[in-house]
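Residue numbers (this note's numbering): -4 to 520.
Next comes the structure, spelled out in structure tokens:
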């Protein structure tokens, strides 16, 4: 018999409840595989004829749904990440049943049975993810999850059609922006529109007028300077999700998964405002790992090994049966500090497993959960992306390499290298570099302007902005020499430092020119 962890009530530690084990087994694993007589469903809520769909046990589904609703997961949140993932898998199996078709292309479930299962899905969805409840503008809707899915399933027809086909398949760029990142966002938008000349629509996501004022939004429009062709648009996330359980205005990183979830785009290229692209954003949608799984993530740097034992223990307690992707992780296997760099996340919400994983990721970033556990045990939203996908049993892929560096090659004696590293190549900066599937430089974080004082002495001290400067070298898969503070400049040491190609330098030079033009037009006094 399968043992499934369910929480008796909010605030009570999860315990094995064998009474629902058979129910879960039926609904998750064998929903359409059992042969046998199905008895009519009779409950306080539903009562109708015996199911006409073979092997659909409505009574089991109703009992499971009732249990999930009456005994929701709750604090201590540390203990329920995995259980919420298991319940999410059950929810997904019901949606898959609703969407299953027979050999003639007709839906297998129809009529009263369909209405019953639709209702069960919605009741359970809001019990697992309360932030779905009472959406602004349609607070009384009985189908908040279905409504959310319709936002991107039907939005493609409204997108700008181009020869690339990306917008016709409803793909787009989402950039969460707040008051403190307006200038960076202007630089990124200018680079996307004037340098990379992307054909993907760009959506600026924000948390109400308090999060991004009308004046700031107008500033970003001017930076894009793309006219009125619908290429740039705005998404107030608080028009999709009520802010009560989220508190996104004060949440910083927390807006990111809700921006991805609430976007009208089915395929989302989520970019932090300080991302610098060396290749067009369309390349992200072309990566094999993304096309195979529908979720492409990037690794952080391999730093601070064995420094966070509580975090390592929690990972292993939460995921007793890690996926193949997780089993390749050096954070999982060798206890490095941080797995994900969430500056770029690429998701296909049209894949149900990815969507349900995103629902879990968003839950991790709700106000109560992030303050009680998520942002205490990890750094911001960084790890919530793979945790949500892993917990929900979704397919996902990380880039093959852990984060590298793009910066400047510096003499060992100027960076204070010890004897062991004195004869090795050092490439230093505060930016993390990422490569594509062909190991070509793809993107880095930190913005175009070198906000860290670069005095060619390798001190790594924070100072006045040194202006725009094109880095000269990059390196991956070597050893990190990291200062104690997260924001200090770091060096990667080893062999194989590569100079930026002429094309890469040209892209950065043109991006810097576009950024300077934006500054001159919008910020000159």
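Using N, Cα and C, we set each Cβ at its ideal position, and we do this for glycine too. Given the structure is predicted, the values throughout are model-derived calculations rather than measurements.
Go through its chain and collect everything with a Cβ distance to residue 152's Cβ below 6 Å, but skip five positions before and after it. For residue 152, the predicted model reports a pLDDT of 45, less than 50, meaning its position is unreliable; a value from the coordinates is still stated below. Here the set comprises nothing.
Original post:
Taking the beta strand (DSSP E) that residue 421 falls in, what are its first and last residues?
Top reply: First-last of the beta strand (DSSP E) with residue 421: 420 to 424.
Exercise. Does the Cβ-Cβ distance between residue 335 and residue 280 come in under 8 Å?
Worked result: Between residue 335 and residue 280, the C-beta gap is not smaller than 8 Å, which leaves the two residues out of contact.
Please name the residue or residues paired with residue 267 in a DSSP beta bridge. The partner list for residue 267 (beta bridge, DSSP) is empty, contrary to what the question assumes.
If you run the structure through DSSP and keep just helix, strand and coil, what is residue 21?
In this prediction, residue 21 scores a pLDDT of 40, lower than 50, which makes its location untrustworthy; no coordinate-derived value is stated.
Local conformation of residue 359 per DSSP, three classes | helix
- Task: Using a threshold of 8 Å, state whether the C-beta atoms of residue 344 and residue 124 are closer than that.
- Result: no
If you follow the beta strand (DSSP E) that residue 340 is in, where does it begin and where does it stop? 335 to 343
Expressed to the nearest angstrom, what Euclidean distance is found between the alpha-carbon atoms of residue 118 and residue 234?
-> 22 Å
task = Assuming residue 390 and residue 348 form a contact by the criterion Cβ under 8 Å, report the distance between their Cβ atoms to the nearest whole angstrom.
result = 6 Å
Quiz prompt | Identity of the residues DSSP links to residue 201 by a beta bridge | solution = 231
Just how far apart, CA to CA, sit residue 215 and residue 506?
-> 16 Å
To the nearest angstrom, report how far apart residue 466 and residue 100 are at their CA atoms. Rounded to the nearest angstrom, the gap between the Cα atoms of residue 466 and residue 100 is 55 Å.
Can you tell me whether residue 300 is buried or exposed? The criterion is at least 16 other CB atoms within 10 Å of its CB, across all chains shown.
exposed
Does the beta-carbon of residue 440 have 16 or more other beta-carbons within 10 angstroms, so that it is buried, or is it exposed? buried
Quick one, are the C-beta atoms of residue 376 and residue 249 less than 8 Å apart? yes
- prompt: Alpha carbon to alpha carbon, what distance is there between residue 490 and residue 521?
  reply: Only positions -4 to 520 of the chain appear in this structure, which leaves residue 521 out of reach.
Taking the beta strand (DSSP E) that residue 439 falls in, what are its first and last residues?
-> 436 to 439
Residue(s) in a DSSP beta bridge with residue 428
Looking at the DSSP output, residue 428 sits in a beta bridge with 399, 439.
Extent of the continuous beta strand (DSSP E) run through residue 470
468 to 470
>> On the CB-based measure, 16 or more other CB atoms within 10 Å of its CB, does residue 394 come out buried or exposed?
In response: buried
Grab me the residues of residue 251's own chain with a C-beta within less than 6 Å of its C-beta, minus the 5 sequence neighbours each way, in chain order. 171, 376
Note to self: Can you look up residue 168 in the DSSP assignment and give me helix, strand or coil?
What the structure shows: strand
Inset, instruction - Answer yes or no: does any C-beta atom of chain C fall closer than 8 Å to that of residue 59? - result: Protein chain content of the structure displayed is limited to a single chain, and chain C is not contained in it.
*Around the C-beta of residue 286, are 16 or more other C-beta atoms found within 10 angstroms, so that it is buried, or is it exposed?*
By the neighbour-count criterion, in which a residue is buried when 16 or more other Cβ atoms sit within 10 angstroms of its Cβ, residue 286 is exposed.
Checklist entry - Considering residue 487, what are the terminal residues of the beta strand (DSSP E) in which it resides? => result 485 to 489
Query - residue 367: first and last residue of the uninterrupted alpha helix (DSSP H) it sits in - result: It is not in any alpha helix (DSSP H) - residue 367 carries neither H nor E in the DSSP assignment.
Subject >> Counterpart residues of residue 444 in DSSP-defined beta bridges >> reply: 463
Residue 393 by DSSP, collapsed to three states: which one?
strand
Got a sec? Which residues, its chain only, sit under 6 Å from residue 176 by beta carbon, not counting five neighbours each side? 268
Report task. With DSSP collapsed to three states, give me the class of residue 91. Result -> helix
- Out of 193, 167, 288, 501, which has the shortest C-alpha to C-alpha gap to residue 230? 167
Open item on the list: I need the boundaries of the alpha helix (DSSP H) containing residue 510, first residue and last residue.
Closed with: Residues 497 to 517.
- request: Evaluate contact between the segment 238 to 249 and the segment 198 to 207, counting only Cβ atoms and requiring at least three cross-stretch pairs below 8 Å.
  value: yes
Can you name the start and end residues of the beta strand (DSSP E) that residue 322 belongs to? Not the beta strand (DSSP E): residue 322 falls in the alpha helix (DSSP H), residues 319 to 322.
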